[in-house]
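Only one structure is covered here, and it is reproduced in the block below.
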Amino acid sequence: MRKFNIRKVLDGLTAVSSSASASAAAQQQQAGNRESEIQETLQSEHFQLCKTVRHGFPYQPSALAFDPVQKILAIGTQTGALRLFGRPGVECYCQHDSGAAVIQLQFLINEGALVSALADDTLHLWNLRQKRPAILHSLKFNRERITFCHLPFQSKWLYVGTERGNIHIVNVESFTLSGYVIMWNKAIELSSKSHPGPIVHISDNPMDEGKLLIGFESGTVVLWDLKSKKADYRYTHDEAIHSVAWHHEGKQFICSHSDGTLTIWNVKSPTKPFQTITPHGKQLKDGKKPEPCKPILKVEYKTTRAGEPFIILSGGLSYDTVGRRPCLTVMHGKSTAVLEMDYSIVDFLTLCETPYPNDFQEPYAVVVLLEKDLVLIDLAQNGYPIFENPYPLTIHESPVTCCEYFADCPVDLIPALYSVGARQKRQGYSKKEWPISGGNWGLITQSYPEIIITGHADGSIKFWDASAITLQVLYKLKTAKVFEKSRNKDDRPNTDIVDEDPYAIQIISWCPESRMLCIAGVSAHVIIYRFSKQEVTAEVIPMLEVRLLYEINDVETPDGDQVPPLPTPGTGSNPQSIVPQSHPSTSSSSSDGLRDNVPCLKVKNSPLKQSPGYQIELVIQLVWVSGEPPQQITSLAVNSAYGLVVFGNSNGIAMVDYLQKTVLLNLGTIELYGSNDPYRREPRSPRKTRQPSGAGLCDINEGTVVPEDRCKSPTSAKMSRKLSLPTELKPDLDVKDNSFSRSRSSSVTSIDKESREAISALHFCETFTRKADTSPSPCLWVGTTLGTVLVIVLNLPPGGEQRLLQPVIVSPSGTILRLKGAILRMAFLDTTGSLVPPAHEPWREHNVPEDKDEKDKLKKRRPVSVSPSSSQEISENQYAVICSEKQAKVISLPSQNCIYKQNITETSFVLRGDIVALSNSICLACFCANGHIMTFSLPSLRPLLDVYYLPLTNMRIARTFCFTNNGQALYLVSPTEIQRLTYSQEICENLQEMLGELFTPVETPEAPNRGFFKGLFGGGAQSLDREELFGESASGKASRSLAQHIPGPGGIEGVKGAASGVVGELARARLALDERGQKLGELEEKTAAMLYSADSFSKHAHEMMLKYKDKKWYQF
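By the count of this note's numbering, the sequence shown reaches residue 1125 at its end, each step adding exactly one.
Take a look at the structure:
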């Protein structure tokens, strides 16, 4: 009778229906009792997904506002995002649902509210009195397009100018339109035959709220009397207007024009400007008009008590300054300062001591919002220095190409990185405190250190302190400085593996305990760094060249235990003896004149001074082989306890001993299999069909796949090169074409694909390498893009001096495991189900000579392996956790039985998988290309969380998404911003308390004193009862079809929902009192109204009685 293999049946069932829990239970039974002893503590209720904070510069900014009392800055973007900044560490991100561009922002000063005007002609009122601001009201204009808004200080009436040249008035309390409208044809001269254009400016006279200054784009300015509903003065100019600003006394205003001129007007002299200035125009001798300049996009006119007024403007440069950077011009008395900016100016605001427009303004700083930066200029210091920006807005200084996130690092790491980074700071900043200082910090409920590392297109690496939902740059490392820079484009023959950014970082491998850092760059280079607090000068930079060859003629299959062949003769062991050749004329060429044995970059041969921080231990470069450029590196791992670094690409794998500076292993992927190769491969020379250069640096417009390539493997897609891409990412993310996922899982369809099997995952560990092993030993686990896992045994010499003298012996173990889809991640658990971290050395200062005692200690010292495996009994076992693009398996060691299996996705593929610690346990966290975030328990792989989070809209998300311990994750949400999220229920609950508060109760400053004589003889500021003019009783109701009111989700209900914890209780109590006070106030008003109506009724009744008292009945 035929026996059934129950495991195969179960595997088949699991593949058909991904109901993992049933299969897991069945497999658990079969696996025996040992596995079931592990108590898994994580349950579904431990998981919840939510966004926490967004860091970085607001992408594509479009609007700017400042509350001078609360000292809060708001920035709106072209994608409808709103970013609010208070003191360093207090910032907030909100999003308009429509995604329309923000065209203007207006604070209700010191009210804890903000009005946003969007390009889809909606106005929104945001409540900032809650930690997560929400929209209270929205108003959608149906017939007119909004172009400009103005909200006077301490007024509830918002003026809204439109494209048709009309002005509507909105009550910001009820968000309803007033019936009062200023029509364009009433405002301009009746004799004028042309339309004056859209409204570009509205403001009230600082000294008379009843007079409204209206600027039309065509060049007409009108001073409108709100009470008499007519124009007092009309000022006409033949150049288009971009902006208008008042002198605080209300007797003069200034306009900026499209020909680069400023015109200053006396209010009562509308015939011609009092003065015309061309700040950047060349004055011609004959008294002619200066040559026209570029438009002055904005002007501000600010007065000081002690001296001359400031005129600050953007734009207006002369047309012959081609290539000149954008400028902000500060005119103060007779001096004119032109401040060059790195990017074009979006908007600027002058920060003043007073919120009152009718007082001396006393400007102290200018906030300049640039396309990719935020700059604050100190106006009070000579030379106008800038303030040092404390916000983390430099993430995108060079485009981010990869990210890594480490939560729960060693506690001494952040201080160490901060101390070396502090020396890199620029000098010459303003001595004053950062002026945007509003809000309060939240409560810090997390105590563990977190570090984010970003790799960039220019080869730089930044370390960030990300503890407790904040972000601060610690240290920056420039990896490109080890290479010679090419003077001109013709001098770059060898960097043609990439069109631009030859130093871009692709992979970062970092050991936080030993502080060893290893990076792989896009030009097939690997650099190993050691951390040191001492400055050193490297006379010669240690380097190796590796010839990773892919050419199968007759594949020699080594036996299971045979030592693989030593590296080819181009990879000598003495680093000084190898001088990389970089110019084709001097490079060695193969017989047919093809470039050969040449690296892509040239390492400097002069001494290199290395500051405290990360210092070069070794540079490794892959070289050209017979006219073929080296393939880009797809995986990388470093181990400080073993002194080894390993990397792989689509050609093969190389292992280097960085202590002895020798190549230990240099094998084609196929040679790794030995005689166990499951694929039928045909010999192929690399020259026959030129491969595109690897996984490439990919732009945000996804994959432009080479059509003639049948293969869908990531190493054979040529992309427009901007940002780097890990091998596990598929360039062809076209939803309509699922051929990729099929081609990956099919067994042997394309010989070309099989022959280009790439190394996709590497993991050093101390575990059982073969079934017969009785004790764990150091080894390397290698995962490939075809779902194969191979194990390489490492035979390490004893520590101390012997480690530097005896060779490390490397041999394949013969162990092969198979999964569906490319291998992404591997990890190991001990008998109790705890994570076994790779062995590591604790960090020590290498640049200080050691005394004899230290040397003796070093000889005796064994590498630290936190794993209990080294002390385990022989009978105890381990578990390997392997995650691929399609599935996860847990394999018992040394028996190599698969005890749990989970098919993660059938129709999509996993982009990132990480084994992470959470709530004193561990789990597997995955992010899929279909937008799902999933977590699974370990070792049983029970599904714990599956949430649709965000679809993979571009490569940037896939390239930067990473999970880390304690329920933290992040990705690059835009080219300039990092979005952090959590999958931990505990953090979601505490988040409200951790967030900062934007609004803090502050007394509004006193209004300027009018003075005795002004009070006696009139003059001073004239107030206006706007309610009387704009209220329904005076102006009637607005047309219903003009705008539609939409109530928002915010307000008191929004706060109720958001508040939690102790702070929440206090907030609730305060809200209850507010509500009660509000209701009592309403009740009082109603009672007063009833009393008033009763009083008026009795008065009317009395009058009626008197009127008819003496009349007879027939006289009625």
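Quick reminder that beta carbons are idealized off the backbone N, C-alpha and C, glycines included.
DSSP puts Ala926 in a beta bridge; with which residues? Ile931
Return the bridge partner residues of Trp450 from the DSSP annotation. Paired residues: none, contrary to the question.
From what residue to what residue does the beta strand (DSSP E) around Glu680 run? Taken as a continuous stretch (DSSP letters only), Glu680 belongs to no beta strand (DSSP E), being part of the alpha helix (DSSP H) at Thr678 to Tyr682.
Going by DSSP in three states, Ile118 sits in which element: helix, strand or coil? coil
Member of Arg173, Val347 and Met525 whose CA lies at the smallest distance from the CA of Gly392: Val347
Closest to Leu668 by C-alpha separation, out of Asn685, Leu603 and Leu553, would be which residue? Leu553
Considering only residues of the same chain and omitting the five flanking positions on each side of Asn974, which have a CB-CB separation below 6 Å? Ala416, Asp417, Val925 and Ala926
Residue(s) in a DSSP beta bridge with Ser659: Answer is none; Ser659 lacks a bridge partner.
Quick check on the DSSP output: the beta strand (DSSP E) that includes Asn136 runs from which residue to which? Thr131 to Asn136
Assess, as a yes-or-no matter, whether the segment 839 to 846 is touched by the segment 814 to 822 under the definition of 3 or more beta carbon pairs within less than 8 Å. no
Could you say if the segment 77 to 87 and the segment 116 to 125 meet the contact criterion of at least three C-beta pairs nearer than 8 Å? yes
By the 10 Å Cβ neighbour count, where 16 or more other Cβ atoms means buried, how is Gly464 classified, buried or exposed? buried
From Glu711 to Ser1048, what does the alpha carbon distance come to, in whole angstroms? No answer about Glu711 holds up, because its pLDDT of 34 lies below 50 and its placement is not dependable.
Looking only at C-alpha atoms, which of Val190, Cys101 and Ile176 sits nearest to Met1003? Cys101
Cβ shell of Glu317 (< 7 Å), same chain only, five flanking positions each side left out: His341 and Gly342
Is the beta carbon of Arg779 sitting closer than 7 Å to the one on Ser822? yes
Measuring straight from C-alpha to C-alpha, what distance separates Pro960 and Asp351? 34 Å
By Cβ distance, which residues of its chain are closer than 6 Å to Arg989, with the 5 residues on each side in sequence left out? Thr61, Val62 and Leu979
Would Thr272 pass as an interface residue toward chain B - the criterion being a Cβ-Cβ separation below 7 Å? Protein chains in the displayed structure number just one, and chain B is not present.
What is the DSSP secondary structure of Val491, counted as helix, strand or coil? helix
Selection from Leu631, Val209, Gly447 and Glu509 that minimises the alpha carbon distance to Ala466: Glu509
Just tell me which of Trp255, Cys264, Ser946 and Lys494 has its CA closest to the CA of Met216. Trp255
What is the rounded straight-line gap between the Cα of Ile629 and the Cα of Val555? 7 Å
Quick one: give me the first and last residue of the beta strand (DSSP E) that Cys520 is part of. Ile514 to Cys520
Count the C-beta pairs between the segment 425 to 439 and the segment 478 to 487 that are closer than 8 Å, then say yes if the count reaches three, no if not. yes
Cα-Cα separation, Ser291 to Val355: The question names Ser, but residue 291 in the sequence shown is Lys. Distance between the alpha carbons of Lys291 and Val355 is about 26 Å.
Alpha-carbon to alpha-carbon, Leu402 and Gly65: 4 Å
I'd like the span of the beta strand (DSSP E) that includes Pro70, first residue to last. Pro70 to Asp76
To the nearest whole angstrom, what separates the beta carbons of Leu954 and Tyr992, a pair I think is in contact under 8 Å? 6 Å
Rounded straight-line distance, which links the Cα of Leu558 to that of Val819: 19 Å
Reference Lys8; option with closest CA among Leu789, Phe396, Ala897 and Val802: This structure gives no information on residue 8, because the portion of the chain shown stretches from 10 to 1125.
Integer Cβ distance of Asn685 from Ile825, believed to fall under 8 Å: 5 Å
Are the CB atoms of Leu920 and Phe936 nearer to each other than 7 Å? yes
Could you name the residues of the same chain whose beta carbon sits closer than 8 Å to that of Pro716, not counting the 5 residues immediately before and after it, in chain order? Its pLDDT being 32, under 50, Pro716 is placed unreliably by the model, and the measurement read from it follows with that caveat. Nothing listed; no residue qualifies.
Can you tell me whether Glu198 is buried or exposed, with buried defined as 16 or more other CB within 10 angstroms of its CB? exposed
Let's test the definition: count the other Cβ atoms within 10 Å of the Cβ of Thr546 and tell me whether it reaches 16, buried, or not, exposed. exposed
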